[in-house]
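These protein sequence lines map, in sequence, to chains S, H and X.
For my numbering, add 4 to where a residue sits in the first sequence, where the first one is 1.
For my numbering, add 1047 to where a residue sits in the second sequence, where the first one is 1.
For my numbering, add 204 to where a residue sits in the third sequence, where the first one is 1.
All residues carry an ideal CB built from backbone N, CA and C; glycine is no exception.
First comes the structure, then the notes that go with it.
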Amino acid sequence: MIACYLDLHAHSTDASDDAGGTVEGYLKWIAARRRRGYRIDGFVLTEHRHYDPAVRYDELAGRYDVTVLHGAELETDVGHVLVYGITPGLVRGIDFADVALSHRELLTAVRDEGGVAVPAHAGRPRIGLWDHAQAGRVGFELVGAIEALNGGSSDEENGRARELAEARQLASVGGSDAHFVSAIGRCLTAFERPVTTVAGLVAELVAGRCRALTAEEARAEAGAAD
Amino acid sequence: MVDYDESVIGVEHRLGSFTVTDAAIDAYCEALGETNPLYLDEDFASGTGYGGRIAPPLIFTTANFRGTGADPQVDFGNARFLGGERIEVLEPMRPGDTITAYGQVTEVYEKTGRSGKMVFVVRRTRYENQNGRDVALVDSSMVHREIEA
Amino acid sequence: MSLTGTEQRYFGDAELGDEFEESYVARPELVETYLSVSRGNAQLDDEDGRFSDAAGAQALGLERPIVPGVMSLSIITRLVTDWAGPAGRLRTLDANFRRPVLHGDRLRLMALVTDASDESGIGRVTLDVYLENERGERPLQGTAVVELPHRPR
């Protein structure tokens, strides 16, 4: 049973300088996709090396009936990591701007603060987990789930990420890695229970009640369920 | 911060000029698989608002004068690549037009990204026709970085 | 359906979410033709052979010679202007290069309407534009703004 579909990886012009998509642009696009039969319930903004708790999109998101949550994409010695459930303690203890964070330090801090860490685009060379896993450099006991379907990765890279998740028996998530409007929702994560808050997102990811799928797959699945 | 020659910032230089010819338009369209008669068929084009054949808007990219003009002498990296471009198209170019390019380095900045340190050199090129009218403005970012051998 | 540039697109035709695409194979001889226009203007810098020479490209760590970034911009522009029609006008193109386009790559040229607004009688349409290769990678992504005429009454 599927309760909701969220895109867990998106960047916007508000804080990612390589992005061309605005949050409102994403919301308008989701509304347009819904009119064409797609099912996208929300997305998580994961700006590069940045998290500002003061920035809220609740009112704007409410107008479009879309859930917008906040995380961050941080850079570690084993590639990029999506972090959900960011607390003031984590912000104090970790330098988000550092491009070579120790993944063990970051992932331990995230776990201790009650969040969850998900290696992003895990099949990509250098900035994904794959190479580092092959070299035996990864503390998998700290990894919450794997981004096994990433909108910016090649089919081969996503295949490697999926293989890694399966081999390690980790939950798979999907994220578009959207930098431009029309990419939002291209890759999604299906949840068995409704997710409308960061706490709810963390709980479902930790429990592993999620899986990665494409927008087309979600559309077919949601259509069949109706 | 990386070492470079700051004196070149904001100083515009004439980079060179080129003439838009029928042959250049034909070859450019052939390279792109472009069959639009606005660029290739005088009879069709004369019936449009342009009153005659025009060049595809980005034909000036074939004459991008890279390597000419002021050099900020960035002391970093063993590789460089075009990171991105922002192009503003202002006026159509027609066969026979002579286009002169003027360039300046507008910014040099450093950023640490997914592949380590990168230095961005941003150039603005202004393309002007023989009537003194700007036909296009281009901001391009050249990225300098170290790659492993 | 192939876009030829002869059909006029009107502002009222463009709806948020509309998609259109074409295909292009980056055959070496087409890159050579592009470079020949440039050579006529004696400017495009191919000193290290990255755009034309297998050995030169390999020395730079590239699998095959690459398509010049400015040629990729021209390729995606073809899609946009052919879609817009003779009275449509490309105003801006803003694109980032994420990976190289290699000789022989089979590309999908894609555009999606992400916004449409009427500004003082001028219909302005914003598009997301992409080049996607057969490996599922998107070497170029960006946005374009096009002005389209209103349909005559």
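For the C-beta of P290 of chain X, the chain H residues within less than 9 Å are, from N- to C-terminus, N1083, P1084, L1085, F1091, A1092, G1094, T1095, G1096, Y1097. Among the residues facing chain X, A36 of chain S is included, as its CB has a counterpart in that chain under 8 Å away.
Around the beta carbon of R1100 of chain H, a 10 Å sphere encloses 16 or more other beta carbons of the protein chains shown; the residue is thus reported as buried. In chain order, M1165 place their CB closer than 6 Å to the CB of K1158 of chain H, counting only its own chain and leaving out the 5 sequence neighbours on each side.
Against chain X, the beta carbon of V185 of chain S has neighbours under 9 Å at L316, T318, D319, T330, D332, T347, listed in chain order. Rounded to the nearest whole angstrom, the C-alpha separation of V114 of chain S and R128 of chain S is 23 Å. Of the candidates H:I1146, H:A1126, H:L1079, the residue whose Cα lies closest to the Cα of T1066 of chain H is H:I1146.
E1089 of chain H counts as exposed, since fewer than 16 other C-beta atoms from the protein chains shown sit within 10 angstroms of its C-beta.
As DSSP reads the structure, L86 of chain S sits in a beta bridge with S:E77, S:V122. Neighbours of R295 of chain X in chain S, taken as residues at a C-beta separation under 7 Å, are lacking, since the least C-beta distance is about 15 Å. Taking one beta carbon from each stretch, the segment 107-122 of chain S and the segment 134-153 of chain S have 3 or more pairs nearer than 8 Å; the two touch. H52 of chain S sits in a strand when the DSSP states are folded into three classes. Fewer than three pairs of CB atoms, one per stretch, sit closer than 8 Å, so the segment 231-239 of chain X makes no contact with the segment 1181-1196 of chain H. For G204 of chain S, the enclosing alpha helix (DSSP H) starts and ends at 202-211. The CB of E1077 of chain H comes closer than 8 Å to the CB of L234, T237 in chain X, given here in chain order. Around C1076 of chain H, the same chain offers T1082, N1083, Y1086, L1087, P1103 as residues with beta carbons nearer than 8 Å, after the five sequence neighbours per side are excluded.
A direct Cα-Cα distance of roughly 30 Å separates V87 of chain S from M1048 of chain H. If you look at E351 of chain X, you'll find it isn't in any alpha helix (DSSP H); it sits in the beta strand (DSSP E) that goes 344-352. G46 of chain S is bridged by DSSP to S:L10, S:T71. Between the alpha carbons of R1180 of chain H and G1063 of chain H lies a distance of about 16 Å.
Counting C-beta pairs with one atom in each stretch, the segment 1133-1147 of chain H and the segment 301-321 of chain X have fewer than three that are closer than 8 Å, which means they do not touch. Here DSSP, grouped into helix, strand and coil, assigns E236 of chain X to helix. Taking 4 residues as the minimum length, the alpha helix (DSSP H) runs contained wholly in the segment 1053-1137 of chain H are 1069-1079, 1084-1087, 1089-1093, in order along the chain. Burial state of Q138 of chain S is exposed, judged by a 10 Å Cβ sphere holding fewer than 16 other Cβ atoms. Proximity of P1103 of chain H to chain X, defined by a Cβ-Cβ separation below 8 Å, is satisfied.
Counting only the Cα atoms, W287 of chain X lies some 12 Å from D222 of chain X. Ranked by how close their Cα comes to the Cα of R172 of chain S, the residues S:G178, S:R164, S:G179 have S:R164 in first place. For G163 of chain S, the secondary structure class from DSSP, reduced to helix, strand or coil, is helix. For A1117 of chain H, the closest Cβ of chain X is not nearer than 8 Å.
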